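Counting with the numbering used here, you get residues -8 to 276 for the letters of the sequence shown. Here is the structure we will look at, set down as structure tokens.
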Amino acid sequence: MIPSGDFEYVLSPSGFARSRLYYALIGGVQQTPPTFAFERESYNAYEMIYITKGKGRFRYRDDWFDLEPGDGLVYNMRHPHAYRADPDDPYEMMYVVFHGSGLDDQWQAWFGAPYVLLPRTNRGEERYAAVLRSVLEEMGADRPENEPVLSGLLYELLMQVLLRDRSRPAERGGEPPSALERGRQYLEERFAEAADIHQAARAAGLSYYHFIRQFKRYYGFSPKEYLTKIRLGHAKHQLLHSDRTIGEIVEASGFGSYNAFLHTFLQHEGCSPTFYRKTWRRPSD
């Protein structure tokens, strides 16, 4: 359990943690006064905040966001940012400032943007908020031998943020329109043929660019990513559960050529189709 009220933990990570793990620097719960306003130019770390009560605003570079209970935000602190409480209903927030070995590259690979805003939903407290509480509990224990445990919790925190962020297109859009579903169904049914995004857009009755924007909004993938996912999944199943040659699988999975298939397979699986089949195929009874 974390303490009630306003508190802050300040940790001093070991050299091992700084060079090999994710580590927390500062964290706690802040109950802001009505006049609270704070600006910072830069800090070499990341911060996760979650609003538990009240209201406020947050600025990242030139963008201002209104924050209310249930809203979350995680961001790279290296750019100018500011906090401001609502004078009539000042906010309370949980927060943790953290960094880690390789985190900059991982952040870019997962999020590709300097901040991730996580609007509240009707589902109650989010999973990432529960993990944030666990991070603060572990920080409060302040056991140096448990630095790997805290590192694991920070990794889980980011994974939950990633899951939440990837789920937002569906939450914003609700059920996909029937026209969009026709386009998606076209890709699923014609993946082995010469299906392409232009044809899927025509099946949906939408312009090419509108189809791409709407598809990403509702499904969380671009049409090209979705088509590749279907084709690659079919090919992997064939590699493991059929005696077809690689060439036959390439054709049956809708890849235009062996080279295109090999490039895609190496990019996604990190090995050749032949190695994948040899490594993962179970002997038949």
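Cβ atoms here follow ideal geometry from the backbone N, Cα and C, with glycine treated the same way. Since the structure is predicted, the reported quantities are computational estimates derived from the model, not experimental observations.
Run of the alpha helix (DSSP H) containing residue i, from where it starts to where it stops
i: Asn250; result: Tyr249 to Glu260
i: Arg31; result: It is not in any alpha helix (DSSP H) - Arg31 instead sits in the beta strand (DSSP E) that spans Ala28 to Arg31.
i: Glu216; result: Pro214 to His232
i: Glu242; result: Ile237 to Ala243
i: Phe206; result: Tyr199 to Tyr210
Span of the beta strand (DSSP E), counted from its first residue to its last, around residue i
i: Tyr82; result: No beta strand (DSSP E) holds Tyr82; DSSP gives it neither H nor E.
i: Gly63; result: Gly63 to Asn67
i: Lys44; result: Tyr37 to Lys44
i: Arg52; result: Counting along the chain, Arg52 falls outside any beta strand (DSSP E), and DSSP gives it neither H nor E.
i: Leu12; result: Unbroken run through Leu12: none, as it is neither H nor E.
i: Arg175; result: Premise fails: Arg175 lies in the alpha helix (DSSP H), Ser169 to Arg181, not in any beta strand (DSSP E).
i: Glu184; result: Careful: Glu184 lies outside any beta strand (DSSP E) and carries neither H nor E.
i: Glu(-1); result: Phe(-2) to Val1
Classification of residue i by the beta-carbon crowding that lies within 10 angstroms, buried from 16 upward
i: Asp276; result: Its pLDDT being 41, under 50, Asp276 is placed unreliably by the model, and the measurement read from it follows with that caveat. Classification of Asp276: exposed, given that the 10 Å Cβ count is below 16.
i: Met85; result: buried
i: Glu138; result: buried
i: Pro274; result: exposed
i: Arg163; result: Its pLDDT being 48, under 50, Arg163 is placed unreliably by the model, and the measurement read from it follows with that caveat. Exposed, because fewer than 16 other Cβ atoms sit within 10 Å of the Cβ of Arg163.
i: Gln258; result: exposed
i: Asn35; result: exposed
i: Pro71; result: exposed
i: Pro(-6); result: exposed
Cβ-Cβ distance between residue i and residue j below 8 Å
i: Tyr217; j: Leu171; result: no
i: Gly63; j: Ala120; result: yes
i: Leu145; j: Gly91; result: yes
i: Ala195; j: Gly245; result: no
i: Pro43; j: Pro24; result: At residue 43 the sequence reads Thr, which differs from the Pro that was named. Taking 8 Å as the Cβ cut-off, Thr43 and Pro24 do not qualify as a contacting pair.
i: Leu58; j: Tyr37; result: no
i: Asn67; j: Tyr106; result: yes
i: Leu148; j: Gly18; result: no
Beta-ladder partner(s) of residue i, from DSSP
i: Leu149; result: None; Leu149 has no bridge partner.
i: Tyr74; result: Phe29 and Phe49
i: Tyr267; result: Note: Tyr267 sits in no beta bridge, so no partner.
i: Gln21; result: Met84
is_contact[residue i, chain D] using C-beta, thresh 8 Å
i: Tyr66; result: Of the protein chains in this structure there is only one, and it is not chain D.
Q: Pick out the complete beta strand (DSSP E) segments inside the stretch 104 to 153, 3 residues or longer, and give them in chain order.
A: 106 to 109
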